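Engineer: From first to last, the protein sequence lines stand for chains A and B. For the first sequence, counting from 1, position 105 maps to 282 in the numbering used here; every step adds exactly one. For the second sequence, counting from 1, position 8 maps to 22 in the numbering used here; every step adds exactly one. C-beta: ideal position from N, C-alpha, C; glycine also. Computed from a prediction, not measured in an experiment: that's the story for all the values here.
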Amino acid sequence: MDPKKELQRIGEELEALKTGTKNKLSMIVFSGDMDKLLAAFIIATGAVAMGLHVVMFFTFWGTPALRDKKKKAGGKDLFGKMFGFMLPKGAGKVKLSKMNMGGMGTAMMKHLMKKKNIASLEEMIGLAAELEVKIYICDMSMGLMGFKPEEMIDYPDVEFVGVAKFLEEAGDSKIQLFL
Amino acid sequence: MNVDVKMDLKGLACPLPVVKVSQQVKKMKVGEVLEAETTDPGAHADFPAWAKSSGNEILKTVKEEKSAKFYIKKLK
Chain A
178 MDPKKELQRI GEELEALKTG TKNKLSMIVF SGDMDKLLAA FIIATGAVAM
228 GLHVVMFFTF WGTPALRDKK KKAGGKDLFG KMFGFMLPKG AGKVKLSKMN
278 MGGMGTAMMK HLMKKKNIAS LEEMIGLAAE LEVKIYICDM SMGLMGFKPE
328 EMIDYPDVEF VGVAKFLEEA GDSKIQLFL
Chain B
15 MNVDVKMDLK GLACPLPVVK VSQQVKKMKV GEVLEAETTD PGAHADFPAW
65 AKSSGNEILK TVKEEKSAKF YIKKLK
């Protein structure tokens with residue numbers, strides 16, 4: 178056991194006992210819009226820099242952004258196939274919430290971001306993985322839209338959970354957000 | 015001032031400067047000084063905010079023509 182890490186853990190637990198909260202940020206990612214997802218990941222990675230543990234809970238329209246464009250899942254019913262076809266396949270396919278203009282606005286925004294050296298959504302997900310941001314995916318959304326775990330991105334710390342898990346995490350977090 | 019590590023963060027946009035600085039400081043020893051050069055205007059608010067919440071110290075900020083250099087001392 179690393180004594181430094183153990184000391185930090187004990188310190189955090191003491192703080193938790195005093196304040197009823199841990200150094201943690203819990204976030205619900207409901208939106209599937211590129212701009213809002215980007216904001217979610219900027220806040221998440223920034224929060225790690227500020228010394229917080231970060232938990233992101235993806236539900237509803239946020240879920241398809243975590244699909245892997247290269248992966249396929251079989252055995253879906255008609256509605257599952259329809260959702261699979263109509264919803265964005267991964268972070269590279271999500272659109273702006275405003276000024277999308279049939280995809281032109283989103284393409285222009287991506288171009289501008291590259292020019293200004295702003296990290297893309299895919300890069301931000303990679304950074305979040307590096308920084309050990311935890312991702313939970315809502316099991317019910319997966320089932321509703323017919324998504325299978327095997328078609329989601331390879332992410333080091335991902336779990337498929339229900340609402341109670343999120344509430345448990347949110348209950349002792351310093352910051353809770355809904356995006 | 016004795017600088018132990020230099021970081022070139024020019025061109026990087028929010029949140030990368032503060033994320034990279036925090037990762038770097040984690041690797042350093044207490045008392046060491048990091049020089050971080052950035053072109054991100056948000057850093058003038060972000061670095062002090064980060065230093066305050068992480069318990070480190072910004073010794074000095076030097077404004078250059080297009081960038082700024084932050085001298086950060088690791089306190090814990």
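According to DSSP, is B/GLU71 helix, strand or coil?
Structural biologist: Within the second sequence, residue 71 of chain B is the residue found at index 57, counting from 1. Reduced to three states, the DSSP call for B/GLU71 is strand.
Engineer: Look up B/LYS87 in the DSSP assignment and say whether it is helix, strand or coil.
Structural biologist: In the second sequence, residue 87 of chain B corresponds to position 73, counting from 1. If DSSP states are grouped into helix, strand and coil, B/LYS87 belongs with the strands.
Engineer: Determine the closest residue to B/LYS7 out of B/TYR85, B/VAL32 and B/LYS24, with distance taken between C-alpha atoms.
Structural biologist: Residue 7 of chain B falls outside the range modelled here, since chain B spans only 15 to 90, and no answer is possible.
Engineer: Starting from the Cα of A/MET317, find the closest Cα among A/GLU189, A/MET211 and A/PRO326 and give me that residue.
Structural biologist: Working through the first sequence from its first residue, we reach residue 317 of chain A at position 140. Out of A/GLU189, A/MET211 and A/PRO326, A/PRO326 has the C-alpha closest to the C-alpha of A/MET317.
Engineer: 7 Å is my cut-off, CB to CB: does B/GLY56 come that close to chain A?
Structural biologist: Locating residue 56 of chain B in the second sequence gives position 42, where the first residue counts as 1. Taking Cβ atoms only, chain A never reaches closer than 7 Å to B/GLY56, which makes this a no.
Engineer: Output needed for B/VAL39: all residues of its chain with C-beta closer than 7 Å, excluding positions within five of it in sequence on either side, in chain order.
Structural biologist: Against the second sequence, residue 39 of chain B aligns to sequence position 25. Counting only Cβ-Cβ distances below 7 Å, and skipping sequence neighbours, we find LEU48, ASN70, ILE86 and LYS88.
Engineer: Can A/VAL335 and A/ILE312 be called in contact, C-beta distance under 7 Å?
Structural biologist: Start at 1 with the first residue of the first sequence, and residue 335 of chain A comes out as number 158. Start at 1 with the first residue of the first sequence, and residue 312 of chain A comes out as number 135. Yes, the Cβ-Cβ distance between A/VAL335 and A/ILE312 is below 7 Å.
Engineer: By the DSSP assignment, the beta strand (DSSP E) with B/LEU48 in it spans what residues?
Structural biologist: The residue you call residue 48 of chain B lines up with position 34 of the second sequence. 47-52 is the span of the beta strand (DSSP E), which, as asked, contains B/LEU48.
Engineer: Name, please, each residue of chain A whose Cβ falls closer than 8 Å to the Cβ of B/LEU73.
Structural biologist: Working through the second sequence from its first residue, we reach residue 73 of chain B at position 59. What B/LEU73 touches in chain A: nothing, since even the nearest Cβ is about 19 Å away.
Engineer: Where does the unbroken alpha helix (DSSP H) through A/MET263 begin, and where does it stop?
Structural biologist: Taking the first residue of the first sequence as 1, we reach residue 263 of chain A at position 86. Element bounds for A/MET263: 255-263.
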